[in-house]
Each structure stands twice: as structure tokens, then as C-alpha cells.
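Here's the structure we're looking at; comments come further down.
Residue numbers (this note's numbering): 886 to 1043.
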């Protein structure tokens, strides 16, 4: 029994539709895989940036615990030495990341009804026992600059 011309044409259309569907599925799978891979890379970058920021904050707290009075306003990065953490002036580059610890002096309100007066931006009195600290980690994520910040007040206490 021979296939008619009409049936042969119908079979060719079915094959073309099947190939088109397979191509759509393949392209969709590749796109999903590419998106997932990109998301994994972004999450790895963010995790690394978070780790670097926390490490710098812990280094700062270690330096503060050893000698708060050695701290000065400015930009620093942590360096591990035989004696523990130290702060070195300038920005640090670690692979694709940069990090800096920025220390600034704190001014307090001249007078208040509290034991410790509020921090003010200007017109106050210099607080020798408190500093503002900001750890900043920056990197490039898919063509955009990204940053993590950790802010804290560090104080002299014993």
C-alpha cells in the first residue's frame, strides 16, 4: 500500500512542527541555564563582599580592643600581622573587590538632660571616646557598581 501525496505532505509538516518545538525547548533550556548560572555568580559575589565587610569590621573591633587611643580619623584597610590585626591607610583591593574602613570623629550636643548627649553634625563638642566607623566593600556586578556598607559607633571603654 502506497502513501498518497497528501499523507506525505502531512508527515513533512508534522516533522517540521516537531523540530520547531524541540528548538523552542532547547533554547528555553539554555536560557534558563544561563540565567541560573548568572544568579549563582551574583550570589557568590555578594556573599564574598559580605564576608570581606564583616572581616574588616571584626578587624576594626580587634584594633579598638587593643588600643582605642591609636585610632585616628581617615581611611584604612585591615592587615593581619604576627601581633594581630592592624589598620593601614588607604583602600585595599582583593581580586575584584575594594574595601576601606572610614573612621570619623564624633561631635556631641553641648548640653542635655541625659547622661550621654546626642550626636550632632556640627556645633557640638568633640567626643574623644567615640568614633563613627563605616566599612565599605565595592565591586562590579554585571556592569554595575555595587557596594556593601556596615556602619557602627565604636567607643573607648575598659
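Note that CB positions come from ideal geometry on N, CA and C, so glycine has one too.
DSSP three-state call for residue i: helix, strand or coil?
i: residue 1013; result: strand
i: residue 996; result: coil
i: residue 981; result: coil
Excluding five sequence neighbours on each side, which residues of the same chain lie with their C-beta closer than 8 Å to the C-beta of residue i?
i: residue 940; result: 963
i: residue 956; result: 948, 949, 972, 988, 1016 and 1039
i: residue 954; result: 1041
Of all the options the options, which has the alpha carbon lying nearest to the alpha carbon of residue i?
i: residue 991; options: 977, 966, 958 and 1000; result: 958
Using a Cβ-Cβ cut-off of 6 Å (strictly less than) and excluding sequence neighbours within five positions of residue i, which residues of its own chain qualify?
i: residue 1012; result: 991 and 993
i: residue 983; result: 976 and 1023
Please go through the same chain and pick out, in chain order, the residues whose beta-carbon is closer than 7 Å to the beta-carbon of residue i, but skip the five residues on each side of it.
i: residue 935; result: 1033
i: residue 937; result: 979, 982, 984 and 1022
Is any heavy atom in the ligand ZN found nearer than 7 Å to the beta carbon of residue i?
i: residue 999; result: Ligands in the displayed structure: none, and consequently the ligand ZN is not present.
Just checking my contact of residue i with residue j at CB under 8 Å: how many whole Å lie between their CB atoms?
i: residue 969; j: residue 985; result: With a Cβ gap of about 20 Å, residue 969 and residue 985 do not count as contacting.
| query | If we count Cβ pairs, one from each stretch, closer than 8 Å, do we get three or more for the region 1028-1035 versus the region 1000-1011? | reply | The region 1028-1035 is not in contact with the region 1000-1011.
| query | For the 8 Å Cβ check, are there 3 or more pairs between the region 995-1002 and the region 967-985? | reply | Because the criterion of three Cβ pairs below 8 Å is not met, the region 995-1002 and the region 967-985 do not touch.
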